[in-house]
Every structure is written in structure tokens, then in C-alpha cells.
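If you read the sequences in order, they're chains A and B. According to UniProt numbering, the first sequence is numbered sequentially starting from 1. According to UniProt numbering, the second sequence is numbered sequentially starting from 1. Backbone N, C-alpha and C fix where the C-beta goes; we use that ideal spot for every residue, glycine too.
There are 2 protein chains.
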Amino acid sequence: MKVLIVEDDPLHRSYLHEAVNAALPECDTIIEAENGTAGEKLARDHKSAHIVMDLQMANRNGIEAARTIWKERPETRILFWSNYSDEAYVRGVSRIVPDGAAYGYVLKSASDERLKLALRSIFIESQCVIDREVRGLQQKSLGQTNGFTDSEYEILVDIALGLTDRAIAKRRGLSLRSVQNRLQQLYDKLDVYQAAGDDHEDGRFNLRARAVTVALLRKLLNYSALERAEAELQEWLDGK
Amino acid sequence: MKVLIVEDDPLHRSYLHEAVNAALPECDTIIEAENGTAGEKLARDHKSAHIVMDLQMANRNGIEAARTIWKERPETRILFWSNYSDEAYVRGVSRIVPDGAAYGYVLKSASDERLKLALRSIFIESQCVIDREVRGLQQKSLGQTNGFTDSEYEILVDIALGLTDRAIAKRRGLSLRSVQNRLQQLYDKLDVYQAAGDDHEDGRFNLRARAVTVALLRKLLNYSALERAEAELQEWLDGK
DNA sequence: CAACAAGCTGCGGGTTTACGCAAGACGGCG
DNA sequence: CGCCGTCTTGCGTAAACCCGCAGCTTGTTG
């Protein structure tokens, strides 16, 4: 059995190395990559079916890498080992995991024990292991209670990218007014109206810009999500 | 000699512990904190004059912590040890370092040697040690070439927070038109006009929102900077 | 099938943005 | 002192944005 580790931080990488050795005696080879690009290449070359990787990496982040790896080989088992449980990451991962694939999401703050257990569950038992905290977010994000619809999330991304209403309408195949409807819905859910009725005109916000910041502060968006969205946008722009 | 380590990642913390031990035989006590708040408290209680800390921490980030520590005791020597050299961080640090204070900024990607050298230089020789890469940014940011003026940066933050032109004018004591002037200047420097003249009205951007994203993508802003700015904003709002 | 909720769309209008134009204000500098 | 560049401000306009109102299309449910 072969395990591929994709992680940028050398200390974390060697920690993972040890953890894999300790948890999986049946593992005879460990290979390592220090960024997403290298990870993809190694995964392809070694046809590796067992990967543990970080989400936040400078060169090419874990979500991107996982997406292409899974595209080529959906049965690959991937354990994401991340510092954060931002809704943006959770949503990003959920979006790309193939049907029935075994994967895991464990926070770096978890104990050694937990990590090792997750390694065995996923790689040996083909069972999904999602950190409790992450699962909470997932539920919230899928169920509609206090969570965001896909269409709301979509429009959030669009304004975050800086598109005009018209551009969004064109991109998503909607009318101008519908786009604006969704925006209102979004503003509502993000509760961006704060401090509006204060006096008369004192501290009014620019809703559009405010929404983006609030989303960032709430970790609904993060750098990596923006980066991905920007890439998709450029693609769309090129394809006219 | 006593050294305080403030760092949230346990692996990095113990690595630092070892590095300090190896580099500074004259150090007899090492204390550790795992977030900014605890770091501030320990610094105060122990009157520690030698600190090495991370910038990105969940609870209270390094810049906040450093600011209050330096406020109480400007002669404290602080070595920032960070994963990133985002312009937002560099600018944030530059903004708070007291006149003539000895401090350092070393990236986590630096070699053991470099870290140890920096520890000695700062704590023993009271000499500033700034990572080459970081220094580059500093220069660019201070010199005006391709860099951003303080007033440009200021307005960038204001629109990122989602303030209206009017609100910004009130906050900064300017006329509406001046605010808009600065915005134009900002849009110019960020080069937000891309894809405007394309066909006729195809892919136009909402400049205000686009500017924020471009700034984020270029690391001119980051989560921590937004967080700080938001706190300042709330303060201002409360003080009517 | 009727009834109802949810989403899309057009119309209309009040506000905010983006920005050209031009008249001061201030600070160097020869 | 007069010239010049930078910064500020007011006026005015076209576009974009926010949003209430109301007519339509769907899918759901009793």
C-alpha cells in the first residue's frame, strides 16, 4: 500500500509521515509533495489511491488538486487535513467529491489518535470520516436553516468578483431583475442593513460591498474560494 | 534572559522552542502562549522583553497583540515569524512598530540558520532583521513607485468595509467629491478597467467591488487587515 | 382541479456611483 | 514673486443600483 502526502509545511509534512507510519503498518511506501501541482503529478504517475493533503497551499490549493485527481480517478481516497473549517472550504470540498467516494476532513487541531483513526477508517475501511465541527457546517449549508442556497452563494461569489448586475444576468442566464431579487435575498440573509435607521442618513452602507466583507468575516468566502472563482470567471470571459 | 513564544500551531511552537534553545544559550526560561490574548497577558505578567510570535492566529492576531504590548512597553523586542509576506501584513507591522524599536520579520520558509541568526541579532544585538522578501515589499509600499499612498490604502479599506461615499467623507473629514477622486485614483492604480472596451457593454465590472477583490487577490488586503479595520469601524460608529 | 408558495420578469422611480470640467488652495522652486 | 503640480471642492450627467408593485410560470399539495 502506498500513501501520498501533499502538504506545504515541512513540519506538518513530517508529522504526517510519522502518523501514517504509525497508523498504517500495511503501508510500505510514502511519497510526498509540497504543493498541489506536484501532488497532482505524483498522483497520476504513481496511480496512488490513498492521499492525505492540506487544503491551503500556496501554489495550487487542495481543492483544485483534489478536483483534477478525482476527475481522472474517482475512486481515489483523499483525507483532507486542514487548519480551518471555513464554510468556504467545506462547501468547496462538498462540491467536488464524486458520488460514493470515500474521503475525510480532519482538522489539524485534532488529536493524534483521531488522525490515526481517520487514516485507518478511510484507507482501510473505505469509510468517510468528517470532523464533527465540519459536519455541523455541512449540515447547515445543505439544510436551508440559516444556511445559504446555492443560488445565493452563487450570486455572492458574482458580486465578490465585482461583476455588474447586467454581467451577472448574462453569465447566469437571468434577467436583470432576477439578479437583483437574488441580491436582495442575499442582503437579507447576511443582515447587512445594520445601522441604517440610526438617525436618518448617518452610517449607511454600500450593500453590495458590505455583503462581500460580511461574508468574508463570516468565512463564507475566503481567499481560496475567491481565487477559484476568479479563475472560473476568466475562463468564462475567454469563452466569450 | 527570558523568551516568550506566541504561536498557535503546536508543531511550530515546539520547533521554535528548540530553535531558541539552540540559538540562545543565555536564555534560561522559555514561556509559551498559544494565542494573542494569552501572549499579551504573559508579556505583561513577566515583563518579558524578548518575544517571538506568529502573525496569523485565530484568537487575536499577532499585529493586535504586538500593538498593545508595544504600547505598554515600547522597548520590547519582537520577532515576527510568519508564513506569509502579504503586503497587508507588512504594512500592518510597519504601522505599529515604535520609533527605534528592534524587531524582526522572518518567514517560516527560512532556514534554521536564518532563524537562529535573526534570534541572536534581535535579542542580543538589538538589531532589526527583516526578511529580504519582506523588505522588498516595504520599500515598494513606502516609496511611491507602483505602491500605494496611505490615502489610497485608507480609501481602499473604507470601501472594503462597505461604506458609502458619503459615510467615508464624514469619517475622513472630506467632501463627497474628494472621496470620489481618491476612488478614481485607486481604480487607476489597481487597474480595474480591464475588459471594458471589449465589445460595447459585455463584461463591465462594478469598480467598487472589483477593486476590493483585486486588492485581496494581490494580498494588499487580507482577512486579518479586514478584521482590524472592521473593529476600528465599529469603534468609530460607537463614538458616533 | 383549485389553491398556494416560490421564483422569474417588466415597469417605474428614488439614490448612489463614476467621472468630466473648472475654479480655488497650498506648497515648492527657480 | 510668479509658475507649476498636487489636492480639494462644487456642478452636472449618464449609468448603475436598490427596491416596491404586479403579472406569469412552475411545482406542490389538499
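Which listed residue (the options) has its alpha carbon closest to that of residue i
| i | options | result |
| --- | --- | --- |
| Glu230/A | Cys27/A, Asp28/A and Glu64/A | Glu64/A |
| Met57/A | Gln184/A, Phe80/A and Trp70/A | Phe80/A |
| Leu107/A | Asn83/A, Lys170/A and Asp45/A | Asn83/A |
| Glu235/B | Arg171/B, Arg177/B, Tyr223/B and Asp188/B | Arg171/B |
| residue 261/B | Glu113/B, Ser111/B and Arg77/B | No answer is possible for residue 261/B: it lies beyond the span of chain B, which begins at 1 and ends at 240. |
| Asp9/B | Ser126/A, Ser109/A and Gln127/A | Ser109/A |
| Pro98/A | Asn21/A, Asn59/A, Leu176/A and Ile69/A | Ile69/A |
| Val157/A | Asn21/A, Leu233/A and Ala118/A | Leu233/A |
| Gly225/A | Glu154/A, Gly239/A and Gln194/A | The residue you asked about is not Gly; residue 225/A is Ala in the sequence shown. Nearest C-alpha to Ala225/A: Glu154/A. |
| Leu117/A | Asp150/A, Gly39/A, Gly239/A and Asn21/A | Asn21/A |
| Leu119/B | Leu237/B, Tyr223/B and Ala49/B | Ala49/B |
| Asp238/B | Gln194/A, Asp238/A, Tyr223/A and Gly239/A | Gln194/A |
Cβ pair residue i, residue j closer than 8 angstroms
| i | j | result |
| --- | --- | --- |
| Leu24/A | Val52/A | no |
| Leu221/A | Ala215/A | yes |
| residue 249/A | Val192/A | Because chain A spans 1 through 240 in this model, residue 249/A falls outside it and cannot be assessed. |
| Leu42/B | Leu4/B | yes |
| Gly36/B | Asn61/B | yes |
| residue 243/A | Val93/A | Past the edges of chain A, shown from 1 to 240, lies residue 243/A, and the structure says nothing about it. |
| Leu11/A | Leu11/B | yes |
Cut-off 6 angstroms between Cβ atoms - residues of its own chain near residue i, not counting five sequence neighbours on either side
| i | result |
| --- | --- |
| Tyr105/B | Phe80, Ile130, Asp131 and Val134 |
| Thr29/A | Lys2 |
| Ser121/B | Gln127 and Val129 |
Bridge partner(s) assigned by DSSP for residue i
| i | result |
| --- | --- |
| Leu4/B | Ile31/B and Ile51/B |
| Ile130/A | Tyr105/A |
| Ile78/B | Ile51/B and Tyr103/B |
| Phe205/A | Leu163/B |
Sequence-distant residues of the same chain with beta carbon closer than 7 angstroms to residue i, five excluded per side
| i | result |
| --- | --- |
| Asp198/B | Legend: pLDDT at Asp198/B = 46, less than 50; position of this residue unreliable, no value from coordinates given. |
| Leu137/A | Ser85, Glu87 and Val90 |
| Leu115/B | Ala19 and Val106 |
| Glu152/B | Arg182, Gln185, Leu186 and Lys189 |
| Glu201/A | Note on Glu201/A: pLDDT 49, under 50, position unreliable in the model; no value is reported. |
| Arg44/A | Glu72 |
| Ala196/A | Only weak support is given to the placement of Ala196/A: the predicted model assigns it a pLDDT of 45, under 50, and the question is left unresolved by the model. |
| Asp112/B | Ala19 |
| Pro74/B | Pro98 and Ala101 |
| Asn59/A | Asn35, Gly36 and Thr37 |
| Leu176/B | Asp165, Arg166 and Ala169 |
| Thr149/A | none |
| Leu174/A | none |
Sequence-distant residues of its chain with Cβ nearer than 8 angstroms to residue i (five each side left out)
| i | result |
| --- | --- |
| Arg13/A | Ile5, Glu7, Glu32 and Glu34 |
| Glu26/B | Met1 and Ile124 |
| Arg67/A | Ile96 |
| Gln180/B | Asp165 |
| Glu227/B | Asn61 |
| His46/A | Lys2, Leu4 and Ile31 |
| Glu40/B | Arg60, Ala65, Thr68 and Ile69 |
| Leu161/A | Leu226, Ala229, Glu230 and Leu233 |
| Ser178/A | Ala169 |
The ligand MG heavy atom lying under 7 angstroms from the CB of residue i
| i | result |
| --- | --- |
| Thr29/B | Looking at this structure, you won't find the ligand MG or any other ligand, since it has none at all. |
Against chain B, which members of the UniProt domain "Response regulatory" (2–123) of chain A pass a CB distance test of less than 7 angstroms? From the UniProt domain "Response regulatory" (2–123) of chain A, only Leu11, His12 and Tyr15 have a Cβ closer than 7 angstroms to chain B.
Could you name the residues of the segment 207–237 of chain B whose beta carbon sits closer than 8 angstroms to any beta carbon of chain A, in the order they occur along the chain? Taken in chain order, the members of the segment 207–237 of chain B whose beta-carbon sits within less than 8 angstroms of a beta-carbon on chain A are Leu207, Arg208, Ala209, Arg210, Ala211, Val212, Thr213, Val214, Leu216, Leu217, Asn222, Tyr223, Leu226, Glu227, Glu230 and Leu237.
For the segment 145–168 of chain B, which residues have a beta carbon sitting closer than 9 angstroms to at least one beta carbon of chain A? The segment 145–168 of chain B vs chain A, Cβ under 9 angstroms: Ile159, Ala160, Leu161, Gly162, Leu163, Thr164, Asp165, Arg166 and Ala167.
Taking a cut of 7 angstroms between CB atoms, which residues from the segment 124–140 of chain A lie near chain B? Answer set for the segment 124–140 of chain A: empty.
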